[in-house]
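Comments concern the structure below.
In my numbering, the protein residues as written are 1 to 185.
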């Protein structure tokens, strides 16, 4: 008990010094970014398409190539502020023309979704949906990708009576240019 009585003034003194010495001084000097930036990545990219004839222009776009041993997949996505998103993916990391259908039957697949909605996305994975993707530039050094795409996708919707209906969406005149690319191994 006697020891606690001796430490109280010391603790009080340390607390007062701590509060008095705290000052909201501005930081000076130059600081390095904690996330390395790629000077070749362009913020002047384009990702656009027509969704059932209506213009879609993405507010953000990115491309990611995942390499896991023999498996390679590249996904290119564009999303608008309202949550509308288009993604195309293919089983490669090069230029060329790729079929968008069920990945087990073709070269890749595509999806259209409204991210802030409760409904399932439209996809080319059902066997009746198809499309094409042409990657015209896959720049591993500059980390940029460009190309065109179009596809018809579908989703199954449950109706009030318990039956289901297939809804179809057409994505045409799709174009992406200088979309920043990340390669993950």
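Just so it is clear, CB atoms sit at the ideal spot from N, CA and C, and this is done for glycine as well.
Spell out the partners DSSP gives residue 45 in its beta bridges. For residue 45, which the question treats as bridged, DSSP gives no partner whatsoever.
Let me confirm a value: residue 84 is counted as buried when at least 16 other C-beta atoms fall within 10 Å, else exposed. Which label applies? buried
Would you check if the distance between the CB atom of residue 89 and the CB atom of residue 78 is smaller than 8 Å? no
Contact between the stretch 153-168 and the stretch 125-141: three or more CB pairs below 8 Å? yes
Rounded straight-line distance, which links the Cα of residue 162 to that of residue 95: 45 Å
Quick check on the DSSP output: the beta strand (DSSP E) that includes residue 128 runs from which residue to which? That residue, residue 128, is in no beta strand (DSSP E); it is neither H nor E in DSSP.
Using three-state DSSP, classify residue 140 as helix, strand or coil. coil
So, is residue 57 buried or exposed, given that buried needs 16 or more other C-beta atoms within 10 angstroms? exposed
DSSP-derived helix/strand/coil call for residue 161: coil
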